[in-house]
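Residue numbers (the UniProt record's numbering): 1 to 444.
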């Protein structure tokens with residue numbers, strides 16, 4: 001089991017005499033202990049698994065949220081070695097169409113921004129881009145990248161960023177597209193454990209794996225439904241969300257066919273469950289709980305753990321992996337990208353994109369309006385809505401996260417994801433947490 005070198009003591013809970021024997025740690029409570037590194041950071045291998053049979057070059061998954069993942073995001077991530085999960089806040093037939101669209105687009109990472117060689121004697125380079133139906137292209141020569149061609153239009157800056165970061169990402173990170181046995185892009189889809197018809201339709205439409213999408217799977221009815229669902233489909237099913245060791249043990253006792261675990265309760269930036277309901281298991285702790293349960297069952301490393309919620313940067317992602325995760329799911333990480341659903345919104349001189357929790361009022365109203373099969377378990381809102389800064393093409397986000405992950409795992413002395421599970425995290429005091437951030441300087 002991934003180890004954290006500290007002891008947790010029990011403390012009294014009020015005057016009841018009961019004890020609290022679990023300390024809930026989040027990313028800011030720990031730091032990565034540096035270890036002996038045998039490889040340089042750029043040689044750290046990031047390939048991993050999202051479920052038993054879904055392999056990725058980059059251990060990143062986009063969250064099934066209606067402001068994060070539809071077909072454009074899922075296709076872009078899969079082309080770049082990650083993977084996306086189509087949200088279920090739409091009629092089942094529409095979700096199936098999104099899955100089919102991902103399966104039917106080109107898997108090449110150069111699909112939107114092609115690589116070309118310029119012919120001699122050509123004066124009007126824009127003709128090449130118009131013929132290729134592209135806003136930009138990466139120009140190659142005998143000794144590598146020569147530059148970029150960009151059409152002069154209103155979104156020229158976006159296309160220039162796409163071209164620059166795509167060439168950087170593919171030459172430095174060197175991922176493989178996430179494809180199935182037929183060479184098509186891999187895509188996941190979210191489903192309620194109670195919606196077997198949706199699950200069957202999504203499998204028929206080409207979904208490679210399903211992600212159970214409930215806030216609290218550790219529920220008798222939800223687990224009973226899950227146990228039926230996993231027997232009715234032949235593709236991988238990732239179960240979640242869960243937070244505790246007992247939740248994992250009960251889930252696998254009811255549905256041993258589960259191919260992955262989605263861990264974290266109320267850690268997302270737009271989730272208010274911890275405030276509204278008082279219930280939470282921070283993602284770091286949830287991942288450690290899952291790793292402990294799998295070790296107890298003799299399944300350590302055999303059922304991938306997805307860390308879901310609260311991951312803000314590559315450092316958080318690395319901590320989640322060291323704690324035992326095989327992959328990291330991001331909502332806010334990807335919500336500001338150009339490929340996420342929703343319009344760009346200008347506020348003053350800055351651009352933003354909408355982002356909301358799936359238990360926010362707006363998301364719940366949409367779900368019950370568009371899906372007559374949706375069942376309402378709770379009326380209380382457990383999510384918020386707002387805006388996040390527009391971050392440009394998702395390849396820029398992936399490049400920065402991948403480079404940061406390589407650096408972080410290099411510090412930990414890991415050469416890949418599985419060896420990172422042997423690395424160590426240590427608790428940090430509030431004073432120490434402040435010290436390891438930039439301080440005593442006026443930042444420009």
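Glycine included, every Cβ here is placed at the ideal spot set by N, Cα and C.
Practice item. State the Cα-Cα distance for the pair residue 435 and residue 316, rounded to the nearest angstrom. Key: 17 Å
Practice item. Out of 76, 53, 55, point me to the one whose CA is closest to residue 62's CA. Key: 76
Check your understanding: Which residue's Cα is closest to the Cα of residue 135: 142, 203, 164?
Key -> With respect to the C-alpha of residue 135, the residue from 142, 203, 164 having the closest C-alpha is 164.
Exercise for review: Confirm the yes/no value for this check: CB of residue 118, any heavy atom of the ligand MG, distance under 7 Å.
Suggested key: Here there are no bound small molecules, and the ligand MG is not part of this structure.
Exercise for review: Would you kindly check if the distance between the Cβ of residue 307 and the Cβ of residue 328 is under 8 Å?
Suggested key: yes
Practice item. Please name the residue or residues paired with residue 356 in a DSSP beta bridge. Key: BP columns for residue 356 point to 385.
Review point. Taking DSSP as the reference, what is the three-state secondary structure of residue 329?
Key: It is a strand residue.
Point to revise | Counted within 10 angstroms of its Cβ, other Cβ atoms place residue 360 as buried (16 or more) or exposed | key: Annotation note: pLDDT 46 at residue 360 (below 50); position unreliable, no value reported.
**Study point:** Closest Cα partner of residue 144 within the set 151, 170, 127
**Key:** 170
Check your understanding: Does the count of Cβ pairs from the stretch 334-354 and the stretch 289-300 closer than 8 Å reach three?
Key -> Segments in contact, no.
Point to revise | Of the listed residues 441, 224, 227, 287, nearest to residue 324 (C-alpha basis) | key: 287
Practice item. Counting only runs of 3+ residues fully inside the stretch 200-232, write out the beta strand (DSSP E) ranges in chain order. Key: Listed in chain order, the complete beta strand (DSSP E) runs (minimum 3 residues) inside the stretch 200-232 are 209-212.
Check your understanding: Is residue 313 helix, strand or coil when you go by DSSP?
Key -> coil
Practice item. Please report the residue range of the beta strand (DSSP E) in which residue 136 lies. Key: 136-141
Review point. Taking the beta strand (DSSP E) that residue 242 falls in, what are its first and last residues?
Key: 236-242
**Study point:** Distance, residue 443 Cα to residue 7 Cα
**Key:** For residue 7, the predicted model reports a pLDDT of 36, less than 50, meaning its position is unreliable; a value from the coordinates is still stated below. About 37 Å.
Point to revise | Close-in-space but distant-in-sequence residues of the same chain around residue 202 (CB under 7 Å, 5 per side omitted) | key: 95, 96, 99, 189, 191, 210
Exercise for review: Determine the contact status of residue 109 and residue 166, defining contact as a CB-CB distance below 8 Å.
Suggested key: yes
Point to revise | Selection from 425, 59, 39, 278 that minimises the alpha carbon distance to residue 47 | key: Nearest of 425, 59, 39, 278 to residue 47, Cα basis: 59.
Review point. Does the distance from the CB of residue 393 to the CB of residue 338 come in under 8 Å?
Key: yes
Practice item. Leaving out five residues on either side along the sequence, give the residues of the same chain with a beta carbon under 8 Å from the beta carbon of residue 179. Key: 78, 107, 185, 186
Review point. So, residue 223 versus residue 254, is the Cβ gap smaller than 8 Å?
Key: yes
Exercise for review: Give, in chain order, every unbroken run of the alpha helix (DSSP H) that is at least 4 residues long and sits entirely within the stretch 20-87.
Suggested key: 71-79
**Study point:** Supposed contact pair residue 334 and residue 429 - C-beta distance, whole angstroms, cut 8 Å
**Key:** The Cβ separation is near 32 Å, so there is no contact.
Practice item. Return the bridge partner residues of residue 416 from the DSSP annotation. Key: Residue pairing by DSSP places residue 416 opposite 45 in a beta bridge.
Point to revise | Cβ neighbours of residue 205 in the same chain (closer than 6 Å, five flanking residues each side left out) | key: For residue 205, where only same-chain residues beyond five positions count, the Cβ hits under 6 Å are 96, 99, 100.
**Study point:** Cβ-based burial, residue 182 [other Cβ within 10 Å; buried from 16]
**Key:** Residue 182 is classed as exposed because its beta carbon has fewer than 16 other beta carbons within 10 Å across all chains shown.
Check your understanding: Whose CA, out of 51, 57, 125, 82, lies closest to the CA of residue 330?
Key -> Closest by alpha carbon: 82.
Review point. With which residues is residue 148 paired in a DSSP beta bridge?
Key: Listed as beta-bridge partners of residue 148 by DSSP are 138.
Exercise for review: Grab me the residues of residue 372's own chain with a C-beta within less than 7 Å of its C-beta, minus the 5 sequence neighbours each way, in chain order.
Suggested key: Interpretation of residue 372 is limited by its pLDDT of 47, a score under 50 that renders its predicted location unreliable; no figure is taken from the coordinates.
Practice item. With DSSP collapsed to three states, give me the class of residue 102. Key: helix
Review point. Mind checking residue 406: buried by the 16 CB within 10 Å criterion, or exposed?
Key: By the neighbour-count rule (16 or more Cβ atoms within 10 Å), residue 406 is buried.
Check your understanding: Within this structure, are the beta carbons of residue 49 and residue 326 separated by less than 8 Å?
Key -> yes
Practice item. Measure the C-alpha to C-alpha separation of residue 130 and residue 426 and round it to an integer number of angstroms. Key: 55 Å
Review point. Roughly how many angstroms lie between the CA atoms of residue 132 and residue 161, to the nearest whole one?
Key: 18 Å
Review point. Apart from the five residues on each side of it in sequence, which residues of its chain come closer than 7 Å, Cβ to Cβ, to residue 147?
Key: 139
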